[in-house]
Amino acid sequence: MNLLFFNPHAALWPHTAPEAFIARSLAAQGHSVNYLTCGKAQTYCAPMTARRHAPGCSPEDVARICSECRANKDAIGFVYRFPIDELENHLVPNDKARLDAIAADAVTHGSLDTRYLGVDVGRIALYEFTLAHKKMSSELTPVQWQQYQVYLANALRTLEAFSRYLDRHSVDVVFAFSPQYSNINSCMQYAIARGVKVMFMESGTNLSDRLSSMRVWDWKVHRLVNPALTYWKQSSLNPVSASGVAAVIGHFEQLLSGQHFAVFSAPYSESRDLRQRWHIRHDQKVLLMTLSSYDEAYAALLISAFPQSKVFSDVFETQADWVRATIEWARDRPDVFLVIRVHPRDFPNKRENFRSEQSFMLEDLLASVPPNVHVNWPSEGVPLYELLEDTDALLTGWSVTALEALILGIPVVTYDARLPSYPADVHYTGRSASEYFGNIDRALSDGWSLKNAINGFRWMAYNFVTCTVRASDRFGRFELGQTAGPIHRLASRVMNRLPRISHAMDLVHWQSARDAGRIVSCMIEQGFDALPPARAVLGEMPVSSGDDRNLVLEGLARLHALLYGDSKLPTDKPGLSLRIRNLLAQEGVA
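Note that the sequence shown covers residues 23 to 612 in this note's numbering.
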């Protein structure tokens, strides 16, 4: 088959190299592989965003990143001998000015509906713009319109060049890393309209080895909706293996360190006096309500990568409606204490130094709450796991923190089964407000349980490997940071100063992706929309349902050691630690 790897962001080596490994392994399977990169066709791109350069950044910054991009592209071409082309080669002299004028005209008329070559480029260009400004609406300020123009112009440029490339080449399948971004997505929608299959690629979700794996699925079929949900069926059919438990533990180690770029919560510490700090009575059940940042879901909706039902619920239309209704419910329930945790990403954090639109709305909404409600703002610096120590049930719309609670045995309640990116059968959920409030009481009545932990371990382990292939073990150095030893950090710094040598050394190790190439080849040849199920990828013998109970108990023991290892917590203090210790003692697990 004729495969095209579309990579206009080659400067991002930790993503580009594993992708290239898979391309090389597909070539070894007999496929014809071509590469298409940028070549200075764009004035603003994903690597510039990743390096925290805003639209309109200096020519020196642009030149530096363009140089990296071309150097990485040249390395791949030299080592792998792939035919490599650039978008720039498919633009004629007046194209850029003409396309930039189309973008300027759209901004002048306040239009978000630019359509070009049959593609809704105007809407597609809103994706990273919405993320960059943490927006929850498509109303733009004058300054934002000017920045939107940059995204739109670049999406138009890449689309024009890509369309001409397809006119001149026979392509069966296009592979694209993070195809939701506008300069790529405009091209992918055009390819789909031309009958070309488009494959989504992105790094794995396990933070302990994120850059070692790659998720792959059919972009037209699934967009940004996790295919693992489709293939899950039910918990009892997906028992967790020993390697699955180990993967979950590794992920938690990264979460607890608070150092990974994708972790927004403060690092875990030993301060666990929350009941005393917030004057929570001992006879009150603690409900932790975790809010989600909104712009990511909204951005996905704008480009039709999420269905309407995953953003706007017919139970409570918006997250604000849900918060408001739950506060009113709690007002008449003196037996509960509701802690509302505002997502740290809505406020300045280690990755962004500005507030989201949602944060201002939440300040107004939460300005006055009943005595049995406390708003946990990010400024309080309370790590999630300190809250979980005293949490009896967690309430959320779609936050992934629910999985962290579930794995620790804490019951989880969502208000609409269609919202979360985890299956309905592992937590309490429904499709109405009455079900939601009834499920809160059910969760409190059922309480903490091993069953919750088993469901959590099963889903998280399944999600880590389903639709995922192993690409390489060489790129952890880009994210290890403070978790790596001093010798490893020194070696990484030396190699990062010699990128050409370092990258050449990386590329010769493509054989680690041979299995990935075989699996992906099978997928595209047979027309699968996603990779085979978890254990087919791992090559493990299935674990029968129920036999994973002891594995989860051992996993809980390891998690408890991570959470409470040297803690001075009183041995008789009620809470999560005591619940886990009592269970382990009953089961005879050290």
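Where is the CB? At the ideal position from N, CA and C, for every residue including glycine.
The model shown is predicted, which means the values in this text are computed figures rather than measured ones.
Identified DSSP bridge partners for residue i
| i | result |
| --- | --- |
| arginine 245 | According to DSSP, which records beta bridges pairwise, arginine 245 is partnered with nothing at all. |
| alanine 607 | The partner list for alanine 607 (beta bridge, DSSP) is empty, contrary to what the question assumes. |
| histidine 191 | Looking at the DSSP assignment, histidine 191 forms no beta bridge with any residue, so it has no partner. |
| tyrosine 450 | Val435 |
| lysine 219 | Val195 |
| arginine 363 | Thr312 and Asn398 |
| phenylalanine 616 | A query on residue 616 cannot be resolved here, the shown segment of the chain reaching from 23 to 612 and no further. |
Sub-7 Å separation of residue i and residue j beta-carbons
| i | j | result |
| --- | --- | --- |
| valine 491 | isoleucine 541 | yes |
| histidine 273 | leucine 313 | no |
| valine 7 | asparagine 24 | Here the chain covers residues 23 to 612 and nothing more, so residue 7 does not appear. |
| histidine 37 | cysteine 67 | no |
| isoleucine 429 | leucine 416 | no |
| threonine 152 | aspartate 317 | yes |
| alanine 125 | glutamine 64 | no |
| glutamine 51 | glycine 539 | yes |
| leucine 34 | proline 69 | yes |
| valine 337 | aspartate 438 | yes |
| leucine 409 | leucine 309 | no |
| leucine 360 | valine 395 | yes |
| leucine 584 | leucine 387 | no |
| alanine 97 | histidine 531 | no |
| glutamate 379 | lysine 157 | yes |
| tyrosine 212 | leucine 139 | yes |
| alanine 198 | phenylalanine 334 | no |
| valine 276 | serine 230 | Per the sequence shown, residue 276 should be read as glutamine rather than valine. Result yes, Cβ atoms of glutamine 276 and serine 230 sit closer than 7 Å. |
| leucine 26 | leucine 148 | no |
| lysine 307 | leucine 109 | no |
| serine 239 | alanine 49 | It should be pointed out that residue 239 corresponds to tryptophan in this sequence rather than to serine. No; because the gap between Cβ atoms is not below 7 Å, this pair is not in contact. |
| arginine 297 | aspartate 412 | yes |
Assigned exposure category for residue i - 16 Cβ within 10 Å defines buried
| i | result |
| --- | --- |
| serine 331 | exposed |
| leucine 598 | buried |
| proline 596 | exposed |
| cysteine 544 | exposed |
| valine 141 | buried |
| methionine 563 | With a pLDDT of 49 at methionine 563, under the threshold of 50, the modelled position of this residue cannot be trusted, and the question is left open. |
| arginine 237 | buried |
| histidine 131 | exposed |
| valine 196 | buried |
| asparagine 375 | exposed |
| threonine 227 | buried |
| threonine 163 | exposed |
| aspartate 107 | buried |
| glycine 61 | buried |
| aspartate 495 | exposed |
| glutamine 504 | With a pLDDT of only 44 at glutamine 504, under the threshold of 50, the placement of this residue in the model should not be trusted; the figure read from the coordinates follows. By the 10 Å Cβ count, glutamine 504 comes out exposed. |
| glycine 561 | Its pLDDT being 43, under 50, glycine 561 is placed unreliably in this model, and the value from its coordinates should be taken loosely. With fewer than 16 other Cβ atoms within 10 Å, it is exposed. |
| serine 80 | exposed |
| valine 129 | buried |
Cβ shell of residue i (< 8 Å), same chain only, five flanking positions each side left out
| i | result |
| --- | --- |
| valine 627 | No answer is possible for residue 627: the residues shown for the chain start at 23 and end at 612. |
| leucine 606 | Leu575, Leu578, Ala579, His582 and Ala612 |
Residue i CB to nearest heavy atom of the ligand GTP below 6 Å
| i | result |
| --- | --- |
| arginine 297 | Within the structure as shown, the ligand GTP is missing, as the structure has no ligands at all. |
Contacting residues, own chain, Cβ-Cβ under 6 Å from residue i (five flanking each side not counted)
| i | result |
| --- | --- |
| tryptophan 420 | Ser314, Leu441 and Pro442 |
| glutamine 341 | Gly419 |
| alanine 322 | Leu246 and Phe328 |
| phenylalanine 104 | Val55 and Tyr57 |
| alanine 455 | Val337 |
| alanine 556 | Per-residue confidence for alanine 556 stands at a pLDDT of 40, beneath the threshold of 50, marking its modelled position as unreliable; the derived number appears in the next sentence. Hits under 6 Å: Tyr484, Val487 and Thr488. |
| isoleucine 546 | Val195 |
Contacting residues, own chain, Cβ-Cβ under 7 Å from residue i (five flanking each side not counted)
| i | result |
| --- | --- |
| threonine 423 | Thr312 and Leu406 |
| glycine 270 | A small correction: the amino acid at residue 270 is valine; glycine does not occupy that position in the sequence shown. Excluding sequence neighbours, valine 270 sits near Ile429, Phe479, Met482, Ala483 and Gly577. |
| alanine 558 | Note on alanine 558: pLDDT 46, under 50, position unreliable in the model; no value is reported. |
| glutamine 169 | Pro77 and Phe151 |
Best match in the options for proximity to residue i [C-alpha to C-alpha]
| i | options | result |
| --- | --- | --- |
| asparagine 116 | Trp167, Val84, Ala183 and Phe497 | Ala183 |
| cysteine 91 | Leu121, Pro105 and Leu58 | Leu58 |
| asparagine 461 | Lys372, Ser471, Tyr450 and Trp470 | Tyr450 |
| tryptophan 351 | Pro392, Asn474, Ser47 and Leu278 | Pro392 |
| alanine 215 | Tyr253, Ser225 and Lys242 | Lys242 |
| glutamate 41 | Gly469, Ser534, His112 and Ile362 | Ser534 |
| serine 5 | Glu457, Asn477, Tyr444 and Met158 | Here the chain comprises residues numbered 23 to 612, so residue 5 is not present and cannot be evaluated. |
| tryptophan 470 | Asn604, Glu161, Ile349 and Gly403 | Asn604 |
| leucine 529 | Asn111, Asp551 and Ala493 | Ala493 |
| phenylalanine 459 | Ile602, Ala128, Leu233 and Thr436 | Thr436 |
| arginine 367 | Gly610, Pro400 and Arg353 | Pro400 |
| alanine 268 | Leu573, Met223 and Tyr586 | Leu573 |
| threonine 71 | Thr593, His155 and Ala93 | His155 |
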